Amino acid sequence: MNFRVLLPIAVLLSIVSIQTSAQQSRPLTSSLYRQRFTKTLHRLQHHQQPTPTTSTHNLGVTTSAGPSVGRVRDYFLTVEELDWNYAPTKWDHLYGKSLNDSMAALYTVHSLNPPRVGAVYRKAAYRAYTDASFRMRISHDSYLGTLGPVIRAEVGDRVRVRFRNMASRNYSVYPYGVVSRYDRSKKAGAPITPGEEHVYEWDIPDRSGPGPKDPSSLVWAYVSDANPTRDLHSGLVGPLIVYKRGLLEPGILYPTKQDFDQEIVTIMMVNDENRSHYLTQSLALAGLPTSAGIDLTDATFRESNRMYNVNGFVFNNMEPLMLVQGSRVRWYLMTLGDEIDIHTAHWHGATTLIGGHRLDTVELLPGTFRTADLVPDNPGQWLFHCHVSKHMMAGMSVFYQILSTNGEEW
């Protein structure tokens, strides 16, 4: 498998460098950080990634917005439909077996009799573009999977999201934790029909940002609330990170005065494809009867369509998340869903600080968003998984890799 380092643009790895020939770029990370990472990657024979760059496109560019708002940060989002593979490697990496030979078979192996969709389902997903023309899509960092792109703002800002619905159903963009401005549009809060556009504005007051005992940033979510439950299980959720004042500079998408070296965002969730808008399309995609020829109420069939995933991946099919020994990692944790989505996120080989407490396991209830800080100190490959036994056995697990600095100070 071709593994790669999965870091935000502001740290080392560029999700995308959005440039025109007239644009100038400069690194967003310290020279020490780049040097350490380059040495580590060379030792492990990884390909070196492009130098991070700033963007002067409108995505995330800040402009003056009057005395009551710090800056306006523009994002250009769509909803698009895609065929998503929860297990693209066709292998159970948790137990080192073929999908056919493990308990993963129930969830990931296609069958006509008994009817099983397998690992590929029709989904809807948020995706980001560089400007309001919606012609150039920003590359989506592979580890985010079905999650939407990260939206970032600091306390005092206003986020302006121009949304185009490129899907076949009504959808919207609704944020948790911040203040939606409804006074400028009669359509605010209403579903957006296919092909239609709408501009959302969200204010980020003090109460949306980190509290006195929080770290310098925290995570919320944005979702579609046209049909909240079915939209969620169809795939529509993304992270919204709010920073303390002064961490996001004008014209730069990522924090440059941070107290961390790397950001990771994960969502643990049981995607119930039985409740998705696209179950019929997924059945057709798998060559299964779409109505009369299949019992949609059969308990085993319904269980086979529940995907116990992290960021849209099951049975460690996400490429391992890459961390460097001694670096400062900020790990954002998200959970949405219903009573089945009671999770306990657990790191093997590391401990974290959450709310000032030293933990290696943290409980997550539906609608919970947590921020964990860790300094990886034990090189090797480790598990990050849900400690609810059923959830782990059903595939809610990924690997993360701690790269050794060979004794050099970070």
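The opening position of the sequence shown corresponds to residue 4 in this note's numbering, with each subsequent residue numbered one higher. In this text, a Cβ means the ideal position worked out from N, Cα and C, and glycines have one as well. The structure displayed is predicted, hence computed values, not measured ones.
Which listed residue (the options) has its alpha carbon closest to that of residue i
i      : options                        : result
Leu406 : Ala122, Val75, Pro379          : Pro379
Ile345 : Arg233, Pro218, Ile270, Asn381 : Ile270
Val112 : Asp228, Asn381, Pro91          : Pro91
Leu250 : Gln261, Ala193, Ala108         : Gln261
Thr259 : Leu243, Asp228, Ser219         : Ser219
Met321 : Gly290, Ala348, Asp144         : Asp144
Ala128 : Tyr225, Glu200, Trp94          : Tyr225
Leu288 : Pro117, Val82, Tyr179, Val123  : Val123
His236 : Asn308, Ile195, Asp206, Arg373 : Asn308
Arg361 : Gly370, Gly254, Thr133, Thr374 : Thr374
Gly254 : Arg155, Tyr335, Gly329, Pro242 : Arg155
Leu368 : Met399, Gly151, Leu336, Arg74  : Leu336
Ala353 : Gly370, Glu83, His388          : His388
Trp205 : Ser114, Val245, Gly198, Leu102 : Val245
Gln328 : Leu150, Arg74, Glu411, Leu386  : Glu411
Pro242 : Gln404, His349, Leu102, Leu150 : Leu150
Tyr203 : Tyr78, Trp385, Gln404, Leu324  : Tyr78
Trp385 : Ile207, Asp363, His394, Ala302 : Asp363
Glu200 : Pro215, Lys216, Phe137, Gly214 : Phe137
Tyr179 : Pro208, Asp86, Pro194          : Pro208
Ala302 : Gly73, Phe402, Asp217, Leu109  : Leu109
Leu282 : Gly383, His351, Asp234         : Asp234
His349 : Ile343, Tyr403, Arg305         : Tyr403
Beta-carbon proximity of residue i to residue j, cut-off 8 Å
i      : j      : result
Pro292 : Leu286 : yes
Asn314 : Gly148 : yes
Tyr146 : Asn312 : no
Val158 : Lys247 : yes
Leu97  : Asn319 : yes
Val181 : Ser142 : no
Asn168 : Thr133 : no
Ser227 : Val176 : yes
Tyr174 : Ala229 : yes
Ile297 : Pro118 : yes
Arg140 : Arg130 : yes
Gly359 : Leu339 : no
His390 : Thr347 : yes
Glu83  : Ser171 : no
Val222 : Arg163 : no
Gly398 : Val332 : no
Start and end residues, alpha helix (DSSP H) containing residue i
i      : result
His351 : Premise fails: His351 is in no alpha helix (DSSP H) and is neither H nor E.
Phe304 : 302 to 307
Pro231 : 231 to 237
His394 : 392 to 396
Opening and closing residue of the beta strand (DSSP E) in which residue i lies
i      : result
Asp86  : 75 to 88
Thr374 : 371 to 377
His360 : 360 to 362
Arg143 : Reading the sequence as shown, one finds His at residue 143 and not Arg. Element bounds for His143: n/a, residue is neither H nor E.
Asn168 : 161 to 168
Ala128 : 123 to 132
Phe402 : 400 to 406
Ser220 : 220 to 226
| Between the stretch 252 to 267 and the stretch 277 to 285, are three or more C-beta pairs nearer than 8 Å? | no
| request: Just list the beta strand (DSSP E) runs in the stretch 251 to 306, keeping only unbroken ones of 3 residues or longer that don't cross its boundaries, in chain order. | output: 265 to 275
| field | Completely contained beta strand (DSSP E) runs for the stretch 86 to 115, where each covers 3 or more residues | value | none
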